[in-house]
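Take any residue in the sequence shown, note its place counting from 1, add 16, and you have its number in the numbering used here.
By construction, the Cβ of each residue, glycine as well, lies at the ideal position given by its N, Cα and C atoms.
As the structure is a computational prediction, the values presented were derived from the model and not from experiment.
One structure below.
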Amino acid sequence: PVKVKKAEPITLIDTKEGKKIPFLALCKVFEAIEATTKRLEITALIRDFFVQVMDIDKEELTDAVMLCIAKVAPDHEGIELGIGESILLKSIASATGRQIQKVKQEHQALGDLGVVVERGKSNQNTMFKPKPLSISKVFHTFREIATTSGSSSIQKKTGLITGLLGACTNVESKYLIRSLEGRLRIGLAESTVQTALAHAARIRENDGDSDSLAPEDFLQATENLKQVLSEFPVYTHVIDSIYKYGINDIANHCTLTPTLPVKPMLAKIEKAADDILRRFEGKPFTCEFKYDGERSQIHYVADGDETQCVIFSRNAENNTAKYPDIASSVKEFAGPNVKSFILDCEAVAWDKINGKIRSFQTLSSRKRKVENEAEITVGVCCFAFDLLYLNGEALIRMPLRKRRELLREHFVPVQNKFQFAISKDLTEVEDIQEFLELSIEENCEGLMIKTLDGSTSSYEPSKRSMNWLKLKKDYVDGLGDSLDLVVIGAYFGKGKRVGAYGAYLLACYDPDREEYQAICKIGTGFSDADLESHKEKLDESRISAPKPYYAFSEKTKPDIWFAPTVVWEVKAADLSLSPIYQAAYGEIDPSKGVSLRFPRFIRIRDDKTPEMATSSTQVAEMYESQKINH
Ligand code: ATP
Numbered sequence: 017p018v019k020v021k022k023a024e025p026i027t028l029i030d031t032k033e034g035k036k037i038p039f040l041a042l043c044k045v046f047e048a049i050e051a052t053t054k055r056l057e058i059t060a061l062i063r064d065f066f067v068q069v070m071d072i073d074k075e076e077l078t079d080a081v082m083l084c085i086a087k088v089a090p091d092h093e094g095i096e097l098g099i100g101e102s103i104l105l106k107s108i109a110s111a112t113g114r115q116i117q118k119v120k121q122e123h124q125a126l127g128d129l130g131v132v133v134e135r136g137k138s139n140q141n142t143m144f145k146p147k148p149l150s151i152s153k154v155f156h157t158f159r160e161i162a163t164t165s166g167s168s169s170i171q172k173k174t175g176l177i178t179g180l181l182g183a184c185t186n187v188e189s190k191y192l193i194r195s196l197e198g199r200l201r202i203g204l205a206e207s208t209v210q211t212a213l214a215h216a217a218r219i220r221e222n223d224g225d226s227d228s229l230a231p232e233d234f235l236q237a238t239e240n241l242k243q244v245l246s247e248f249p250v251y252t253h254v255i256d257s258i259y260k261y262g263i264n265d266i267a268n269h270c271t272l273t274p275t276l277p278v279k280p281m282l283a284k285i286e287k288a289a290d291d292i293l294r295r296f297e298g299k300p301f302t303c304e305f306k307y308d309g310e311r312s313q314i315h316y317v318a319d320g321d322e323t324q325c326v327i328f329s330r331n332a333e334n335n336t337a338k339y340p341d342i343a344s345s346v347k348e349f350a351g352p353n354v355k356s357f358i359l360d361c362e363a364v365a366w367d368k369i370n371g372k373i374r375s376f377q378t379l380s381s382r383k384r385k386v387e388n389e390a391e392i393t394v395g396v397c398c399f400a401f402d403l404l405y406l407n408g409e410a411l412i413r414m415p416l417r418k419r420r421e422l423l424r425e426h427f428v429p430v431q432n433k434f435q436f437a438i439s440k441d442l443t444e445v446e447d448i449q450e451f452l453e454l455s456i457e458e459n460c461e462g463l464m465i466k467t468l469d470g471s472t473s474s475y476e477p478s479k480r481s482m483n484w485l486k487l488k489k490d491y492v493d494g495l496g497d498s499l500d501l502v503v504i505g506a507y508f509g510k511g512k513r514v515g516a517y518g519a520y521l522l523a524c525y526d527p528d529r530e531e532y533q534a535i536c537k538i539g540t541g542f543s544d545a546d547l548e549s550h551k552e553k554l555d556e557s558r559i560s561a562p563k564p565y566y567a568f569s570e571k572t573k574p575d576i577w578f579a580p581t582v583v584w585e586v587k588a589a590d591l592s593l594s595p596i597y598q599a600a601y602g603e604i605d606p607s608k609g610v611s612l613r614f615p616r617f618i619r620i621r622d623d624k625t626p627e628m629a630t631s632s633t634q635v636a637e638m639y640e641s642q643k644i645n646h
């Protein structure tokens, strides 16, 4: 493992709850991380901190891990930080004794609230020294802030944040504000935090000695932890199991559990039917229709008369309130012996009268929260393509053929509500081509092609796997894939579009640099109704200055900026090199980025977070691959 400057030993502070780890110790690590760009060094810095914290206290380790990823709860609980700019500005003004207008101006000039508050605090004369903050105090107050709702919630939140800011010293206020914004922006990705935690656990289990461990030991520990978290995404429980059973044995104690979302398996793009046989090298495979709806992971568990059904999106969000009709039909499609299950399905808008699939656009007009089933206007049918868990047993390591057998044995199609994904186990290119055409006639997007037997056909949570290929009609026709891009700004409309926005600035995401890079301006593909609803939705995340992690050039500067919240799917004629757009900057040409020619809006991607947008590496790959095709 990489060696870094030895971390200062943690000196505990006295608090009402007893001796605790100071928040400042963690902030000092953040500061060191921010000063380097070397990934191994970043991992080592946070690892060494975790090694110390592990010896002090389990709960504080969990709190520290959550602060590192700027979260207060697992994603599926829907409790998020990401406090609005106006509350933060108010709290900074009150904690630093300045006019809110002044704080706003400084924010516009400096572009970073973290720096604004740090400056404000350092100019302040404090008469008495505030009590130092502990890691757990900060974490628990963050949770309280995130869960406060109701009529006077703005006041309460502002009060709590002002209180924390008042107690900050040194660099604490900067990281505190950034965490409240929902991102630390120090180059510390969640996957790095997981690696550091796994390494720390392995070192601790080797009595604090890292030198006698081999690289494979670290690799094994990291793989274990990542695998477990993709199947059981609850840090509190996983960390508890590390203490109880050791990092190499956690997989046996944190297994798939209905009501906890599994990170979905993803597919690689395949451009032509005849490449599939080559890719699978003689392994048997199945071709399924690729339905165009919303991925839905249905969880069900019955305990006596008590039953619970939870439906998760691709993004681990709890979508049960959107699909009460699916939840209430479980009893019809699950066989009599089914007591618990996790199904992987696509929920598709459905025309009951003609028994046909409706468009994705129709599905998007369904409300996010349906109060009463009777008010549903867009019916859905679920197309099940995988069974991950059945009656107390995880099935993901079984071959797909076996999982499919169990699916068909224990579940029954229900007209207009539930069906199995249509599939054919094919071997000839012509047959695949024909089946692809059929899928398009049936309003599907193309085919998903999956290996059927052996270990390569197990369900791989969170992986974009070579064992699942997606073959869309567009690829076959040479049109290329669409991109999922984040809306970061807007330009005022002219002529017919006065009053609405005339065009938007879109960005891809670079996870290594943690920045959104401008890729194109888009003004085509919108209906008048689209323009109105986009404006309404985007105006909620309007901000007064661009985020410091937006990469754009003056030439493309929009009139209005937005926080990164909305993801749009976009198609373009092709990708071209550009001196004014920053996407994949330097990856192909040292002084140019990549832009889209003639981009066209396709749809909103509610099921993707901004970090799941097309990455700059994918943009570079798409640019390169079109060169080959031409
Ligand atoms: P990606 O998930 O690959 O980043 P994406 O979200 O845009 O991209 P697609 O490229 O369209 O998704 O393909 C994968 C998605 O197709 C799945 O997440 C799932 O929602 C959907 N899907 C439809 N039918 C199937 C099927 N038979 N098997 C697996 N997934 C299917």
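Q. Closest to E461 by CA distance: which of D441, A437, L406 is it?
A. Among D441, A437, L406, the Cα nearest to that of E461 is on A437.
Q | Alpha carbon of K32 to alpha carbon of E160, nearest angstrom | A | 18 Å
Q) So with Cβ pairs under 8 Å, would you call R63 a contact of chain E? A) Of the chains in the structure shown, none is chain E; there is only one protein chain.
Q: Return helix, strand or coil for V610, following the three-state DSSP convention.
A: strand
**Q.** Per DSSP, the bridge partner or partners of L406
**A.** F357, E409
**Q.** contact_flag[the segment 533-540, the segment 477-490] where n(CB pairs < 8 Å) is 3 or more
**A.** no
Q | Close-in-space but distant-in-sequence residues of the same chain around S560 (CB under 8 Å, 5 per side omitted) | A | E101, K120, H123, Q124, W577
Q: Flag this pair as touching only if the segment 270-278 and the segment 421-438 have three or more C-beta atom pairs under 8 Å; answer yes or no.
A: no
Q: May I ask you to report which of helix, strand or coil DSSP gives K550?
A: Per the sequence shown, residue 550 should be read as His rather than Lys. H550 falls in the helix class under three-state DSSP.
Q | Residue from M638, E627, E450, A636 with nearest C-alpha to R201 | A | Measuring from the Cα of R201, the nearest candidate turns out to be E627.
Q: With hydrogens ignored, establish whether the beta-carbon of P477 is closer than 7 Å to any heavy atom of ligand 1.
A: no
Q) Who are the Cβ neighbours of Y507 in its own chain at under 6 Å, not counting the five residues just before and after it? A) G518, A519, P574, D575
Q | CA nearest to the CA of E134, picked from A111, K147, S150 | A | A111
Q | Residues near K372 by beta carbon distance below 6 Å, same chain, minus five either side | A | Sequence-distant Cβ neighbours of K372 in its own chain, meaning closer than 6 Å and more than five residues away, do not exist here.
Q | Candidates L612, E96, R619, V20: closest to S375 by CA position | A | R619
Q. Taking just the CA atoms, how far does S345 sit from L521?
A. 43 Å
(Q) Nearest by alpha-carbon distance to Q313: which of K299, E322, A343 is it? (A) A343
**Q.** K7 classed as buried or exposed, judged by whether at least 16 other C-beta atoms fall within 10 angstroms
**A.** Absent from the structure is residue 7, since the part of the chain shown begins at 17 and ends at 646.
Q. Looking only at its own chain, which residues have a Cβ that is under 8 Å from the Cβ of F451, when we skip the five neighbours before and after it?
A. Closer than 8 Å at the Cβ level, and outside the excluded window around F451, lie C303, K440, L442, L463.
Q) If we call anything under 8 Å between Cβ atoms a contact, is F301 one with E362? A) Against a cut-off of 8 Å, the Cβ pair of E362 and F301 comes out as no contact.
**Q.** Supposed close pair E297, V278 - CB separation, criterion 8 Å
**A.** Not really, about 28 Å apart at Cβ, beyond 8 Å.
Q.
Taking contact to mean 3 or more Cβ pairs, one atom from each stretch, closer than 8 Å, check whether the segment 167-176 and the segment 58-70 are in contact.
A. no
Q: Report buried or exposed for A390, applying the criterion of at least 16 other Cβ atoms within 10 angstroms of its Cβ.
A: exposed
Q. Counting only runs that start and end within the segment 440-467, where is the beta strand (DSSP E) found for 3 or more residues in a row?
A. Entirely contained in the segment 440-467, the beta strand (DSSP E) runs reaching 3 residues are, in chain order, 462-467.
Q) Just how far apart, CA to CA, sit H646 and S557? A) Confidence in H646 is poor, its pLDDT being 44 and thus under 50, which makes the residue's placement too unreliable to answer from.
Q. So is the beta-carbon of R420 under 7 Å away from any non-hydrogen atom of ligand 1?
A. Not under cutoff, so the answer is no.
Q. By a C-beta neighbour count over all protein chains shown, 10 Å radius and 16 as the cutoff for buried, is N335 buried or exposed?
A. buried
Q.
Please report the distance separating the alpha-carbon of R613 from that of T185.
A. Cα to Cα, R613 sits roughly 49 Å from T185.
Q.
I need the DSSP call for I576, collapsed to helix, strand or coil.
A. strand
Q. Between which two residues does the alpha helix (DSSP H) harbouring D79 extend?
A. Segment 74-84, the alpha helix (DSSP H) holding D79.
Q) So, helix, strand or coil for S498, using DSSP? A) coil
Q. By Cβ distance below 7 Å, which residues in the same chain neighbour S257 in space, the five residues on each side in sequence not counted?
A. Taken in chain order, the residues that qualify are I266, H269, C270.
Q | Proximity below 8 Å, CB of I358 to CB of K74 | A | Their beta carbons are not under 8 Å apart, which means I358 does not touch K74 by this criterion.
Q. By how many angstroms is the C-alpha of C84 removed from the C-alpha of S195?
A. Taking the straight line from one Cα to the other gives about 9 Å.
Q) Near T689, which residues of its chain fall below 7 Å by C-beta distance, leaving aside the five closest residues on each side in sequence? A) The first residue shown for the chain is 17 and the last is 646, placing residue 689 beyond what the model contains.
Q. What residues in its chain sit with their C-beta under 6 Å from that of A579, if we drop five residues either side in the sequence?
A. S557, I559
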